[in-house]
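Student:
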Amino acid sequence: MSGFENLPCGISRLTQLQHLALPSMKEDIQAADTSEVTSWKQKPSASHWSFSVVDRTVPNTSRSLLSYNGSLFLEFLDSNPSVLDSTSNHFHLFVHPTEVQNGARDMLFHRDELVCRDVYLLTRHCSKSEGRLVEIHHLSAFSEGIEVVLHDAEYIFFFDSLFFKSFSDLGAGNIKTLKGCWIEGCENMEFVIETSDLVGSSERGIALEILWISNASSLRSMYSENLRLGSFQNLKCLYLDCCPKLLSVFFSSHLLQMLEILHVRFCENLVALFGDDVEEHELPNLRTLRLWELPKLKSIGCIMPSLQSLEVGECPMLEHMLSSLHVPEKLEVLKVRNCSELGNLLEGLTPENCKLPHLAEVHLWGLPKLTRIGIESPLLRSLEIGDCYVLLHVSYMPENLEVLKVRFCDNLEAIFVGMTSENFILQSLHTVHLWGLPKLVGIGARLPPLQKSIIRDCPKLALPVS
1 MSGFENLPCG ISRLTQLQHL ALPSMKEDIQ AADTSEVTSW KQKPSASHWS
51 FSVVDRTVPN TSRSLLSYNG SLFLEFLDSN PSVLDSTSNH FHLFVHPTEV
101 QNGARDMLFH RDELVCRDVY LLTRHCSKSE GRLVEIHHLS AFSEGIEVVL
151 HDAEYIFFFD SLFFKSFSDL GAGNIKTLKG CWIEGCENME FVIETSDLVG
201 SSERGIALEI LWISNASSLR SMYSENLRLG SFQNLKCLYL DCCPKLLSVF
251 FSSHLLQMLE ILHVRFCENL VALFGDDVEE HELPNLRTLR LWELPKLKSI
301 GCIMPSLQSL EVGECPMLEH MLSSLHVPEK LEVLKVRNCS ELGNLLEGLT
351 PENCKLPHLA EVHLWGLPKL TRIGIESPLL RSLEIGDCYV LLHVSYMPEN
401 LEVLKVRFCD NLEAIFVGMT SENFILQSLH TVHLWGLPKL VGIGARLPPL
451 QKSIIRDCPK LALPVS
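Residues in the sequence shown are numbered from 1 upward in steps of one, following UniProt numbering.
#1: Quick check on the DSSP output: the alpha helix (DSSP H) that includes Val148 runs from which residue to which?
#2: Pick out whichever of Glu268, Gly180, Lys355, Ser224 has its Cα sitting closest to the Cα of Ile193.
#3: Tell me which same chain residues have a C-beta within less than 8 Å of the C-beta of Glu332, skipping the five on either side of it?
#4: Report buried or exposed for Gly180, applying the criterion of at least 16 other Cβ atoms within 10 angstroms of its Cβ.
#5: Scan the segment 323 to 400 and note each continuous beta strand (DSSP E) run of 3 residues or more that stays entirely inside, going in chain order.
#6: Exposed or buried, what is Ser2 when buried is set at 16 or more other beta-carbons lying within 10 Å of its beta-carbon?
#7: Residues in the same chain with beta-carbon distance under 7 Å from Phe401, minus the five sequence neighbours each way, listed in chain order, please.
#8: Taking DSSP as the reference, what is the three-state secondary structure of His137?
#9: What residue range is occupied by the uninterrupted beta strand (DSSP E) comprising His177?
#10: Just to check my reading of the structure: Val148 and Val134 have Cβ atoms closer than 8 Å, yes? What is that Cβ distance to the nearest angstrom?
#11: What's the call for Glu376, buried or exposed, on a 16-neighbour Cβ count within 10 Å?
#12: Just tell me which of Val417, Trp435, Glu399 has its CA closest to the CA of Arg372.
#13: On the CB-based measure, 16 or more other CB atoms within 10 Å of its CB, does Ile303 come out buried or exposed?
#14: Where do the N-terminal and C-terminal ends of the beta strand (DSSP E) with Ile213 fall, by residue?
#15: Roughly how many angstroms separate the alpha carbons of Leu170 and Thr288, rounded to a whole number?
#16: Can you grab the Cα-Cα spacing for the pair Leu121 / Phe157, in whole Å?
#17: Whole angstroms is fine: what's the gap from Trp365's alpha carbon to Lys355's?
#18: Using three-state DSSP, classify Phe157 as helix, strand or coil.
#19: Looking at the unbroken beta strand (DSSP E) that takes in Ile261, where does it start and where does it end?
#20: Nearest-angstrom Cα distance between His92 and Cys243?
#21: Could you tell me the alpha carbon to alpha carbon distance between Leu238 and Arg220, rounded to whole angstroms?
#22: Expressed to the nearest angstrom, what Euclidean distance is found between the alpha-carbon atoms of Asp241 and Glu399?
#23: By Cβ distance, which residues of its chain are closer than 8 Å to Gly386, with the 5 residues on each side in sequence left out?
#24: Let me make sure I understand the geometry here. Which of Ser453, Pro448, Lys452, Gly442 has the alpha-carbon closest to that of Leu461?
#25: Quick test of your reading: His320 and Asn338, contact by CB under 8 Å. State the CB separation rounded to the nearest angstrom.
#26: Between Leu162 and Asn188, is the Cβ-Cβ spacing less than 7 Å?
#27: How many Å lie between Glu260 and His393 at the Cα?
#28: Have a look at Gly374 and Pro305 and give me their C-alpha separation to the nearest angstrom.
#29: For Cys267 versus Leu235, is the C-beta spacing smaller than 7 Å?
As structure tokens, then:
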């Protein structure tokens, strides 16, 4: 519907009407049946933003959609305060400029099924069928009335909102109960937290558990001044993506004692995870660490006793991964790709291998200076190695290995050492890919009947088969 100057007669009889789109609606629109539909009348307003409310009231779909401009939404709240009641376990608001609402983006968002929105939230680790969620899109200024919906929000998304420079722009009272915050494309953001944001807050700091920041071209630091110990003690998940001015994640690991997941990628000037190079850093609860395309990162420099998954890629200055004095014994997955200066996986490598009793998956690709792996695990099931030109051997015997893939390791002479082919069989092995290994003489064990095998350009290889 567009170009209407008057609402049609009889609209008040549409008792199930939940969304009415009037893209070209004039500011002085008059209701044709004013005695019964005065609550729909558009009032003159300087607001250039609108709300879309996603609730769970439509049978069979668990959703309904309501859209209002800023002033009309505030009027709606006066009549329906329970919509944003802090005791409510769910609301989902979409805040956007009016011109965006009237365009194609708004029509896509208001599809009843909202499948794409649900998928997107899942990719951001926000599968919130329950929860109080607010999305703010494309706002250049913090408009009057928005603080009303922020006060009780548990999860907030910011997309391309130029007004957002730090949490100070939201007001300290609006971040105390915040559990998750996603900030994407807010190019004017310089800090996440300023010291003034926490004045008067509790000793437990803010409640934030999830923080996701991407495409923040002006972000210089996570906080503006010395941050009080405990301010981020509830933070469990931290994602940093495309923050070119960021030099370190935090000054000290003591500020992140509850952190479980840390993802950092495409931060071209990041030198270290922590700015203080004097103290010994430890993240006691970290389970997942993923570092990708950090061209200036030289070391990880942190003790992680609970680490289960470690993925590192495109970090050309990284010289080692972990300390042999503090091996993460709970590690299950290790993936390293295209780190041209990496000579050892473990710093301070001893003659004996370090044991990782739970390690099940190892992928090592594009490590031209790697001379030795130096770890062993009885539970290893998948081993993939490629483009490790100076590696001589793997050096340990994974008894439960199922998948073995080795390619383009020019100096590899033996894959496993320590046992002879006469006294050991890799009983669980079902897939073998060996390709471009000119010096490989033997695997180091007998092979069972294989389900899949590819062996190419291995002129010296002799395979003992059981």
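Even glycine gets a Cβ: it sits at the ideal position worked out from N, Cα and C.
Tutor: Taking the coordinates as given:
#1: 146 to 150
#2: Ser224
#3: Gln308, Ser309, His358, Leu359, Ala360, Glu361
#4: buried
#5: 333 to 337, 361 to 365, 382 to 386
#6: Residue placement at Ser2 is flagged as unreliable, the pLDDT there being 45, under the threshold of 50; a coordinate-derived value is accordingly withheld.
#7: Strictly speaking, residue 401 in this sequence is Leu, with Phe absent from that position. These residues qualify, in order along the chain: Leu380, Arg381, Leu383, Leu426, Ser428, Leu429.
#8: strand
#9: Checking the displayed sequence, the identity of residue 177 turns out to be Thr instead of His. Note, Thr177: premise wrong, no beta strand (DSSP E); not H, not E.
#10: Rounded, the Cβ-Cβ distance is 11 Å, inconsistent with contact.
#11: buried
#12: Val417
#13: buried
#14: 210 to 214
#15: 30 Å
#16: 10 Å
#17: 21 Å
#18: strand
#19: 261 to 265
#20: 28 Å
#21: 16 Å
#22: 39 Å
#23: Leu364, Trp365, Gly366, Lys405, Val406, Arg407, Phe408, Cys409
#24: Gly442
#25: Rounded, the Cβ-Cβ distance is 16 Å, inconsistent with contact.
#26: yes
#27: 34 Å
#28: 19 Å
#29: no
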